[in-house]
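Each residue of the sequence shown is one higher than the one before, counting from 5 in our numbering.
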Amino acid sequence: MMYPFMTLDDNTEIVHSEMGKDGRVKVYIEKPDAKDGFHRATCYLPTYTWEDIFGFSDEEIDRYKKVIESTAHLIMEFSQKGGFSNAAQKVENGMDALWFLVSGTMKRMKKY
5 MMYPFMTLDD
15 NTEIVHSEMG
25 KDGRVKVYIE
35 KPDAKDGFHR
45 ATCYLPTYTW
55 EDIFGFSDEE
65 IDRYKKVIES
75 TAHLIMEFSQ
85 KGGFSNAAQK
95 VENGMDALWF
105 LVSGTMKRMK
115 KY
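What follows is the structure, encoded as structure tokens:
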């Protein structure tokens, strides 16, 4: 399964897979193009191995490499938690639980 990660200002979509048993994560980059349909590239983390590059210029690939390198830690984390949306939901649920605990503690403290 692939999870959405980021949409860049040039409509490039970056998605990633779940982490495989071997610890690898597939990062797929795709950009619509009127002539070719889509330009695409695949990067495998944590080795930063690039494959299947089609339609992108060297400058575009350099930009995407910088984006992937600067966010790889997040992609690796989200790949183990069902993507960004699922990880964010877990954080939200955790914050709700924390608020419940804090508010309950505060109510009990008011009794003293």
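Just so it is clear, CB atoms sit at the ideal spot from N, CA and C, and this is done for glycine as well. Please read these numbers as outputs of a predicted model, since none were measured by experiment.
Helix, strand or coil at residue i [DSSP, three-state]
i: M5; result: coil
i: D66; result: helix
i: F82; result: helix
i: E55; result: strand
i: S74; result: helix
i: L12; result: coil
i: A92; result: With a pLDDT of 49 at A92, under the threshold of 50, the predicted position of this residue should be treated as unreliable, though the coordinate-derived value follows. Correct three-state label for A92: helix.
Distance between beta carbons of residue j and residue i, contact taken as under 8 Å
i: L1; j: V31; result: A question about residue 1 goes unanswered here, because the residues of the chain that appear run from 5 up to 116.
i: F9; j: I79; result: 6 Å
Pairwise C-alpha distance: residue j and residue i
i: D66; j: T16; result: 14 Å
i: D37; j: H20; result: 21 Å
i: E22; j: D40; result: 28 Å
i: G59; j: Y7; result: 23 Å
Status (buried if at least 16 other CB within 10 Å, exposed otherwise) for residue i
i: F42; result: exposed
i: Y68; result: buried
i: S61; result: exposed
(message) Can you confirm whether the segment 16-36 touches the segment 69-89 when touching is taken to mean that 3 or more C-beta pairs between the two stretches lie within less than 8 Å?
(response) yes
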